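**Student:** All the letters of the sequence shown, read from the start, carry residue numbers 536 to 1280 under the numbering used here.
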Amino acid sequence: MRWEVVVGLGVGAAALLGLGIILGHFAIPKGANSPAPSTSASQDLDLKILETVVEQLDAGRIRENLRTLSQEPHVATSPRDEALVELLLNRWRDPESGLDSAESFEYEVLLSFPSQEQPNLVQIVSATGDILQTYRPGEENLTGEQAGPDVVQPYAAYAPPGTPQGLLVYANRGTEEDFQELQAQGINLEGTIALTRYGGAGRGEKAVNAAKHGVVGVLVYTDPADINDGQSLPSQTFPNSWGLPPSGVERGSYFEYFGDPLTPYLPAHHSSFRLDQNNVSGFPPIPAQPIGFQDARDLLCNLDGAVAKDSWQGSLGCKYRLGPGFRDDGDFSVGSQVKLSIHNRLELRNSSNVLGIIRGAVEPDRYVLYGNHRDSWVHGAVDPSSGTAVLLELTRVLGTLLKKGTWRPRRSILFGSWGAEEFGLIGSTEFTEEFFSKLQERAVAYINVDIAVFANASLRVQGTPPIQSVIFAATKEIPAPDRSGLSIYDNWIRYFNRSSPVYGLVPRLGTLGAGSDYAPFIHYLGISSMDIAYTYDQSKTSARIYPTYHTAFDTFDYVEKFLDPDFSSHQAVARTVGHVLLRLSDSLFLPLNITDYSEKIRSFLQAAQQELGALLQQQSISLEPLVRAVEKFETEAAALDKHILRLQTGSPDPLQVRMVNDQLMFLERAFLNPRAFPENRYYSHVLWAPYISSSAAFPGLANACSRAQHTSPGSEAWAEVERQLSILVAALGGAAATLKPVVDL
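1) Check whether the Cβ atoms of F1233 and F1168 sit closer than 8 Å, and answer yes or no.
2) Secondary structure at A1239, three-state DSSP: helix, strand or coil?
3) Taking the CB atoms as reference points, tell me whether E882 and S911 lie closer together than 8 Å.
4) Counting only the same chain and skipping the five closest in sequence on each side, list residues whose C-beta sits under 6 Å from that of V1264.
5) Kindly give me the distance between the Cβ atoms of N600 and E928, rounded to whole angstroms, as I take these residues to be in contact under 8 Å.
6) For Q872, is the classification buried or exposed, using 16 other Cβ atoms within 10 angstroms of its Cβ as the cut-off for buried?
7) Using only the alpha-carbon positions, how far apart do S1035 and W1223 sit?
8) Comparing alpha-carbon positions, which option in A746, R884, Q848 lies nearest P822?
9) Rounded to whole angstroms, what's the CA-CA distance from F867 to N676? Just pull it up for me.
10) What does a CB cutoff of less than 6 Å around P699 pick up in its chain, not counting 5 residues either side in sequence?
11) Could you work out which residue in F1206, Y1081, S1063 is closest to V988 when comparing CA atoms only?
12) Under the three-state reduction of DSSP, which class applies to A896: helix, strand or coil?
13) With 16 other CB atoms within 10 Å as the buried threshold, where does V1037 fall?
14) Between the C-alpha atoms of R1258 and Q1198, what's the straight-line distance to the nearest angstrom?
15) What do you get for L1274, buried or exposed, if any count of 16 or more other CB atoms within 10 angstroms of its CB means buried?
16) Once you ignore the five residues that flank N1032 on each side, which residues in its own chain have a CB closer than 7 Å to its CB?
17) Can you name, in chain order, every residue of its own chain whose Cβ lies under 6 Å from the Cβ of V1277, other than the five neighbours on each side?
18) May I have the straight-line CA-CA distance separating G1268 from K741, to the nearest angstrom?
19) Check this for me: beta carbons of A1049 and F1206, under 8 Å apart or not?
20) Expressed to the nearest angstrom, what Euclidean distance is found between the alpha-carbon atoms of I892 and L1116?
21) By Cβ distance, which residues of its chain are closer than 7 Å to G1113, with the 5 residues on each side in sequence left out?
22) Should A1078 be flagged as near chain B, meaning a C-beta pair shorter than 8 Å?
23) Go through its chain and collect everything with a Cβ distance to S887's Cβ below 6 Å, but skip five positions before and after it.
24) So, with DSSP's three-state summary, where would you put V1195?
25) Would you call the segment 989-1000 and the segment 1091-1102 in contact, with 3 or more CB pairs under 8 Å?
26) Name the DSSP beta bridge partners of L838, please?
27) Using beta-carbon positions only, say whether Y705 and L667 come within less than 8 Å of one another.
28) Considering E643, what are the terminal residues of the beta strand (DSSP E) in which it resides?
29) In whole angstroms, what is the alpha-carbon distance linking V897 and S575?
30) Identify every run of the alpha helix (DSSP H) within the segment 868-954, keeping only runs that are complete inside it and at least 4 residues long; order them along the chain.
31) Could you work out which residue in Q658, V917, S776 is closest to Q824 when comparing CA atoms only?
32) Is DSSP giving H1178 helix, strand or coil here?
33) For I556, does the three-state DSSP call read helix, strand or coil?
34) If we ignore side chains and look at the alpha-carbon of each, how far apart do Q653 and D811 end up?
35) Look at the alpha carbon of S1122 and the alpha carbon of S577, and state the distance between them as a whole number of angstroms.
36) Which partner residues of L730 appear in the DSSP bridge assignment?
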């Protein structure tokens, strides 16, 4: 070897050594009082760190977080909402307990508000035009928190302005079947005002269904039978119990879709193309207004007409009648009509998301996401501040470990505080639109904690099958907050369970619809998702949700007195989320069990065979290709599962681990087909689309059969059945191919 080469190699080695020392110096967090965490390619879940995180999550701190977050109303884009943006940024930039970085992202979105100058009114007008009664929907100031300029009047967001007037009819829950029932009773709905109750159909869907039948305006109320177990007296409701007071009104968005209404599939930046506000689809076609059940009692208990059937009756203390119009021996004169004066207006507003990031040590390009929305209709102590209070406590604990240099996750963790969720999941949808490609390429899973605590009986989890195993593993390690000595898992199985052909009796996971910010992640991006909360014992109450939902009575005192006095259920959710988050971000092999998808897909197939098989056979449509596709998926899932077990028992090459993890991560994306459901914006996951059918089969196939069953052979509807069948076969084939050894096509 020539001496020049020897000298060159020596100089090069010295330079590399120096570079390593410099890089090592800047990689060590300043002020670290313990060694930096491992950053080797084999870095795996550290059970001691996991235990530390669980121990340090403090119920008292969560309580104080909630007190701060809910002390003032913070509807989206309000000054208080923007102040909470700064609070989050300050917490996540704290030098002692902050994250690696935190940033806000602003979007210009179309929101809907009632007029402060012209409040929405519901009036009774006599046949001669005299105003007999005026209702200004709002809540009684029972605790000193239901009044003030920042308490937004109850209204139906995105319902159009107008002053419709007509005879009143009672339309139960406002479903299409309910309006058809009224017509079958011989009731002429043309030009009427419909009184409906929450449940059974979406808010906006009630107005859409009504308009199809000639109804010109819709009122919506919460019946005590659906929320208070029938109790309606002030002494039986808040502040004396958890029940909804008679004046309580559920606010909400009546927009059919999610995301900014003007920029579908585009981030709502100033430069983005916007639809004409006059041509936006998804808004209610007629004026609508929510009211409290004390006002609904005045209207409903004075109605004339036939007595409604038993399933339409409620708990307002009278026999519910159908109308139209009021009876002659009631409080209002014969021929009196109901008039709505709705003055809602659309406004372009700037709404912010806040993103906090912890960079991964080994796989920084793989993201585990954890999100919660920030905006509320009024004080929002339960929805969403219970979730934000948990989020802030978990990031404090993780941030402290990070700043001390004792922990850094294998993968990156992204924390999201979403804006304007209450108007239709706007902030989270804009985030997925802006970062569509990056998230599809890099996101491992999404954890949603919107309402952390509905009540204190049991855990409730919704999610896609691959997350089941990581949830089960986490909850088996955490004590239930009721001091029963049971784990959260064992307590959960007492309240929500199912019989699995693989595992026996296990806790039951719910499916993900579109009720919170997980929707764009699973339906639009195909990211394995979950929603975690503590909830009530459904065997002891008929409440469809906690009673003060979206009202001015959802306050800190309500939570502390009736939902979670010692905040142990909040702490239990924080511990569960912390466990799941660390398992997903730190485990060498992603803890996503794809064979659990086999069980769900097999159940879809069995339902199709049992419920749709005869109908399809009549049209000479065979399920055999679908059967073969399901069997192929099951085979490949089982083979990959065995391959992972073999790798886990050896010393796998880092590239082998990466390849397997990518297969696990991308499985959910394989079920996406953006053209599968053109009528449903953002829905592209062929296994989790909305149902219009009662069948438990694959949703697209079940819905297509439901539409086609009364049409003639060879119709377009039957062609759609065959198209949906082909979409399923192709999606399952693509999913099976994703699970095959990566060197195979």
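Every residue, glycine too, gets a C-beta built ideally from N, C-alpha and C. All values reported here derive from a predicted model rather than from experimental measurement.
**Tutor:** With the given structure in hand:
1) Translated into positions along the sequence shown, residue 1233 becomes position 698. Translated into positions along the sequence shown, residue 1168 becomes position 633. Contact flag unset, no.
2) Numbered from 1 along the sequence shown, position 704 holds the residue referred to as residue 1239. A1239 falls in the helix class under three-state DSSP.
3) As a working note, residue 882 is residue 347 in the sequence shown. As a working note, residue 911 is residue 376 in the sequence shown. Their beta carbons are not under 8 Å apart, which means E882 does not touch S911 by this criterion.
4) Sequence index remark: in the sequence shown, residue 1264 carries index 729 (1-based). Closer than 6 Å at Cβ, skipping near neighbours: P1160, L1161, A1164.
5) Within the sequence shown, residue 600 is the residue found at index 65, counting from 1. Within the sequence shown, residue 928 is the residue found at index 393, counting from 1. The pair is a contact, with the Cβ atoms about 6 Å apart (cut-off 8 Å).
6) Translated into positions along the sequence shown, residue 872 becomes position 337. Answer is buried; the Cβ neighbour count reaches 16.
7) Working through the sequence shown from its first residue, we reach residue 1035 at position 500. Working through the sequence shown from its first residue, we reach residue 1223 at position 688. One C-alpha to the other measures close to 20 Å.
8) For the purposes of this step, residue 822 is identified with residue 287 of the sequence shown, where counting begins at 1. The shortest Cα separation from P822 among A746, R884, Q848 belongs to A746.
9) Indexing the sequence shown from 1 puts residue 867 at position 332. Indexing the sequence shown from 1 puts residue 676 at position 141. Distance between the alpha carbons of F867 and N676 is about 28 Å.
10) Here residue 699 is taken as the residue at index 164 of the sequence shown, counted from 1. Around P699: V751, G752, P822, L875.
11) As a working mapping, residue 988 is identified with position 453 in the sequence shown. Nearest option by C-alpha distance: Y1081.
12) Taking the sequence shown and counting its residues from 1, one reaches residue 896 at position 361. In this structure, A896 counts as coil in the three-state DSSP scheme.
13) Walking along the sequence shown from the start, residue 1037 turns up at place 502. V1037 comes out exposed.
14) If you number the sequence shown from 1, residue 1258 lands on position 723. If you number the sequence shown from 1, residue 1198 lands on position 663. For R1258 and Q1198, the distance between alpha carbons rounds to 27 Å.
15) What you label residue 1274 is simply residue 739 of the sequence shown in a count that begins at 1. Buried, since its Cβ has 16 or more Cβ neighbours within 10 Å.
16) Counting from 1 along the sequence shown, the entry for residue 1032 is found at position 497. Around N1032: L1040, V1041, P1042, R1043.
17) Your numbering for residue 1277 matches position 742 in the sequence shown. Correct list, in chain order: M1194.
18) On the sequence shown, position 733 is the one that residue 1268 refers to. On the sequence shown, position 206 is the one that residue 741 refers to. Spanning the two alpha carbons is a distance of roughly 39 Å.
19) Locating residue 1049 in the sequence shown gives position 514, counting from the first residue. Locating residue 1206 in the sequence shown gives position 671, counting from the first residue. The answer is no: Cβ separation not under 8 Å.
20) Here residue 892 refers to the residue found at position 357 of the sequence shown. Here residue 1116 refers to the residue found at position 581 of the sequence shown. Rounded to whole angstroms, I892 and L1116 show a C-alpha spacing of 13 Å.
21) Residue 1113 sits at position 578 when you count from the first residue of the sequence shown. Here the set comprises V588, V589, L592, L929.
22) No chain B is part of this structure, which consists of one protein chain only.
23) Numbered from 1 along the sequence shown, position 352 holds the residue referred to as residue 887. Excluding residues within five positions, the ones whose Cβ falls inside 6 Å are V620, S639, E641, G954.
24) Taking the first residue of the sequence shown as 1, we reach residue 1195 at position 660. DSSP places V1195 in helix when its eight states are reduced to three.
25) yes
26) Indexing the sequence shown from 1 puts residue 838 at position 303. In the DSSP output, where bridge partners are listed per residue, L838 has F861.
27) Within the sequence shown, the letter at position 170 stands for residue 705. Within the sequence shown, the letter at position 132 stands for residue 667. Remark: C-beta atoms of Y705 and L667 do not approach each other more closely than 8 Å.
28) Position 108 of the sequence shown, counted from the start, is the residue given in the question as residue 643. Where E643 is concerned, the enclosing beta strand (DSSP E) stretches over 636-648.
29) The residue given as residue 897 occupies position 362 in the sequence shown. The residue given as residue 575 occupies position 40 in the sequence shown. One C-alpha to the other measures close to 7 Å.
30) 921-939
31) Taking the sequence shown and counting its residues from 1, one reaches residue 824 at position 289. Closest by alpha carbon: Q658.
32) Within the sequence shown, the letter at position 643 stands for residue 1178. Note: H1178 maps to helix in three-state DSSP.
33) Residue mapping note: residue 556 aligns to position 21 of the sequence shown, counting from 1. Model confidence at I556 stands at a pLDDT of 31, short of 50, so the residue's coordinates are unreliable; what they give is reported in the following sentence. Note: I556 maps to helix in three-state DSSP.
34) Here the question's residue 653 lines up with position 118 in the sequence shown. Here the question's residue 811 lines up with position 276 in the sequence shown. Looking at the two C-alpha atoms, the distance is approximately 25 Å.
35) To locate residue 1122, count along the sequence shown from 1; it is residue 587. To locate residue 577, count along the sequence shown from 1; it is residue 42. In a straight line, the C-alpha of S1122 is about 9 Å away from that of S577.
36) Working through the sequence shown from its first residue, we reach residue 730 at position 195. Y705, L754, per the DSSP bridge assignment.
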